[in-house]
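First residue of the sequence shown? That's 17 in the numbering used here, and the numbers climb one at a time after it.
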Amino acid sequence: MGSNSQSMIMRSFVDSRLAEQFEREGFVVIPLLTNDDIEQVNAIYHNFGTRFESDWHTDMFSRDVDYRRAIHERVGAIFETRLKDLLDGYRYCCGNFVVKEPSPNSAVPLHQDWTIVDPSVTRSLNVICPLIDTNEVNGQLNVVPGSHHPPSRISFGPSDQIQIESLLPEIKESYLTAVRQNAGDALIYDGRVLHSSEANRSDQTRICFSAGFIPNDAKLRHYYRDPQNPSVLEVFEITDDFFWKHTLGERPKDARLLGMMADENVPITHAHLEAWARGRMT
Ligand SMILES: O=C(O)CCC(=O)C(=O)O
17 MGSNSQSMIM RSFVDSRLAE QFEREGFVVI PLLTNDDIEQ VNAIYHNFGT RFESDWHTDM
77 FSRDVDYRRA IHERVGAIFE TRLKDLLDGY RYCCGNFVVK EPSPNSAVPL HQDWTIVDPS
137 VTRSLNVICP LIDTNEVNGQ LNVVPGSHHP PSRISFGPSD QIQIESLLPE IKESYLTAVR
197 QNAGDALIYD GRVLHSSEAN RSDQTRICFS AGFIPNDAKL RHYYRDPQNP SVLEVFEITD
257 DFFWKHTLGE RPKDARLLGM MADENVPITH AHLEAWARGR MT
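Take a look at the structure:
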């Protein structure tokens, strides 16, 4: 299911130091939003006042398409402005608030983000930016550096649960890095990078904005696995509106089916962790 129309873009940042660090580690952290931006984004969040049931929530949980579109456009415009001169040939394609209410139930397990491009030829960049300083108490992010290196998987949406429980003690001990961010700092990572966050044990809600960027010439994709036919992934070409219209877990509507592929994801093992760590050295 490769596509020749998408070119492998190795360089993601204009700045060489960031570009190299990103290739090696799969992520960088940079100061991004100004204090005024943070105020504006906070005001947008609070003015909408949307209520969610769960203690960790993303706008994708909402069925209010107008709300989702408004957030995508209004907050996305701020991130587009701040990132356009830093990224090398990438465009904004999706954006959501990701919010941790103060609760022991607000942890996010280790995962890769959905694959939204053809990973055999290109990559997506994902951004997570908190509106307050984050730390080990209020739900800072953690990443596995180097986990964008092969072998990599296709992440096909909410039913894609990485079976990794038995490796978690080892990952926490030797491979997981905490990312402490000041308000407005952006964690920018390759969408394949494994990441997680602990529960928010503070008394303040931790609001982040999460945005996706893809190369200007890349086509957006969504990989869907039908629970009745779990050995196969259906590959759809999607457009930006998918991200505010799509209902979590459903087969995409109004999207072009490009074809089917075998689900070749294999469980993550100690050998993967070693390979990723080695990939950082080369
Ligand atoms: O909100 C968080 O702490 C985690 C968010 C996240 O992992 C994601 O959006 O992929």
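All C-beta atoms in this analysis are idealised placements derived from N, C-alpha and C, irrespective of residue type, glycine included. Predicted, not measured: the structure shown is a model, and the values here were computed from it.
* Asked: Which residue or residues does DSSP assign as beta-bridge partners of Glu250?
  -> Along the sequence shown, read from residue 1 onward, the residue named residue 250 stands at position 234. Tyr240 and Met276, per the DSSP bridge assignment.
* To do: Within the stretch 41-121, note down every full alpha helix (DSSP H) run reaching 4 residues or more, in order along the chain.
  => Listed in chain order, they are 51-64 and 81-99.
* Report yes if the C-beta distance between Cys110 and Phe259 is below 7 Å; otherwise report no. => Here residue 110 corresponds to residue number 94 of the sequence shown, with the count starting at 1. Here residue 259 corresponds to residue number 243 of the sequence shown, with the count starting at 1. Yes, they are a contact pair.
* Are Asp303 and Val91 close, meaning C-beta to C-beta below 7 Å? -> The chain is shown from 17 up to 298; residue 303 falls before or after that span and cannot be answered.
* Asked: Thr263 to Ile132, Cα distance in whole Å?
  -> As a first step, residue 263 is located in the sequence shown; it is residue number 247 there, counting from the start. As a first step, residue 132 is located in the sequence shown; it is residue number 116 there, counting from the start. About 16 Å.
* Asked: For ligand 1, any of its heavy atoms closer than 6 Å to the Cβ of Asp309?
  -> The first residue shown for the chain is 17 and the last is 298, placing residue 309 beyond what the model contains.
* Asked: Taking the alpha-carbon positions, what's the Gln177 to Tyr83 distance?
  -> The residue labelled residue 177 in the question sits at position 161 within the sequence shown. The residue labelled residue 83 in the question sits at position 67 within the sequence shown. Approximately 28 Å, taken between the alpha carbons.
* Excluding the five sequence neighbours on either side, which residues of its own chain have a C-beta within less than 8 Å of the C-beta of Leu183, listed in chain order? -> Position 167 of the sequence shown holds residue 183. Counting only residues of its own chain and dropping the five nearest sequence neighbours on each side, Leu183 has a CB closer than 8 Å to the CB of Ile284, Thr285, His286 and Leu289.
* To do: Go ahead and label Asp134 buried or exposed: buried means 16 or more other beta carbons lie within 10 angstroms of its beta carbon, across all protein chains shown.
  => The residue labelled residue 134 in the question sits at position 118 within the sequence shown. By the neighbour-count rule (16 or more Cβ atoms within 10 Å), Asp134 is buried.
* Provide the residue(s) that pair with Ile144 in DSSP beta bridges, ordered along the chain. => As a position in the sequence shown, residue 144 is number 128, starting the count at 1. Beta-bridge analysis with DSSP links Ile144 to Leu203 and Ser226.
* Asked: By how many angstroms is the C-alpha of Val153 removed from the C-alpha of Asp270?
  -> Numbered from its first residue, the sequence shown carries residue 270 at position 254. Numbered from its first residue, the sequence shown carries residue 153 at position 137. The straight-line gap from Cα to Cα measures roughly 42 Å.
* Asked: Is DSSP giving Gly173 helix, strand or coil here?
  -> Here residue 173 is taken as the residue at index 157 of the sequence shown, counted from 1. Correct three-state label for Gly173: coil.
* Asked: My guess is that Phe29 and Phe43 are in contact by the Cβ rule of under 8 Å, so how many angstroms apart are they, rounded?
  -> Working through the sequence shown from its first residue, we reach residue 29 at position 13. Working through the sequence shown from its first residue, we reach residue 43 at position 27. Rounded, the Cβ-Cβ distance is 12 Å, inconsistent with contact.
* **Proximal residues to Leu103 (C-beta, below 8 Å), its chain only, five neighbours per side dropped** => One-based indexing of the sequence shown puts residue 103 at position 87. Exclusion of the five residues before and after Leu103 leaves Ser28, Phe29, Val30, Leu141 and Phe229 as the residues of its chain whose Cβ lies within less than 8 Å of its Cβ.
* Buried or exposed: which applies to Ala278, given that a residue is buried once 16 or more other Cβ atoms fall within 10 Å of its Cβ? -> Working through the sequence shown from its first residue, we reach residue 278 at position 262. By the 10 Å Cβ count, Ala278 comes out exposed.
* **As assigned by DSSP and simplified to three states, the class of Ala194** => Looking up residue 194 in the sequence shown gives position 178. Judged by DSSP in its simplified three-state form, Ala194 adopts strand.
* To do: Using the DSSP secondary-structure output, state which residues sit across from Phe29 in a beta bridge.
  => Stepping through the sequence shown from its first residue, residue 29 is reached at position 13. For Phe29, which the question treats as bridged, DSSP gives the partners Leu103.
* Asked: Does the Cβ-Cβ distance between Thr193 and Val137 come in under 7 Å?
  -> Counting from one through the sequence shown, the residue named residue 193 turns up at place 177. Counting from one through the sequence shown, the residue named residue 137 turns up at place 121. No, the Cβ-Cβ distance between Thr193 and Val137 is not below 7 Å.
* So does Ser171 have its beta carbon nearer than 6 Å to some heavy atom of ligand 1? -> What you label residue 171 is simply residue 155 of the sequence shown in a count that begins at 1. Not so, every heavy atom of ligand 1 lies at least 6 Å from the Cβ.
* Do you know how far the Cα of Thr66 is from the Cα of Arg85? -> On the sequence shown, residue 85 is found 69 positions in, with the first residue counted as 1. On the sequence shown, residue 66 is found 50 positions in, with the first residue counted as 1. Their backbone Cα atoms lie some 13 Å apart in a straight line.
* To do: Kindly indicate the opening and closing residues of the beta strand (DSSP E) around His127.
  => Taking the first residue of the sequence shown as 1, we reach residue 127 at position 111. His127 -> beta strand (DSSP E) spans Val124 to His127.
* To do: Please confirm if the stretch 167-174 is in contact with the stretch 115-131, defined as three or more CB-CB distances below 8 Å between the two stretches.
  => Yes, they touch.
* Asked: Do you know how far the Cα of Leu49 is from the Cα of Val57?
  -> If you number the sequence shown from 1, residue 57 lands on position 41. If you number the sequence shown from 1, residue 49 lands on position 33. So the two alpha carbons sit approximately 10 Å from each other.
* To do: With a threshold of 6 Å, establish whether the CB of Val209 neighbours any heavy atom of ligand 1.
  => Translated into positions along the sequence shown, residue 209 becomes position 193. Because no heavy atom of ligand 1 lies under 6 Å away, the Cβ of Val209 does not count as near it: no.
* Report the rounded CA-to-CA distance for Arg139 versus Asp71, giving the unit in angstroms. => Mapped onto the sequence shown, residue 139 falls at position 123. Mapped onto the sequence shown, residue 71 falls at position 55. A direct Cα-to-Cα measurement between Arg139 and Asp71 gives close to 30 Å.
* Which value, in whole angstroms, describes the spacing of the CA atoms of Ala199 and Pro185? -> Here residue 199 is taken as the residue at index 183 of the sequence shown, counted from 1. Here residue 185 is taken as the residue at index 169 of the sequence shown, counted from 1. About 30 Å.
* Is the closest heavy atom of ligand 1 to the C-beta of Ser182 under 6 Å? -> Counting from 1 along the sequence shown, the entry for residue 182 is found at position 166. The answer is no for Ser182.
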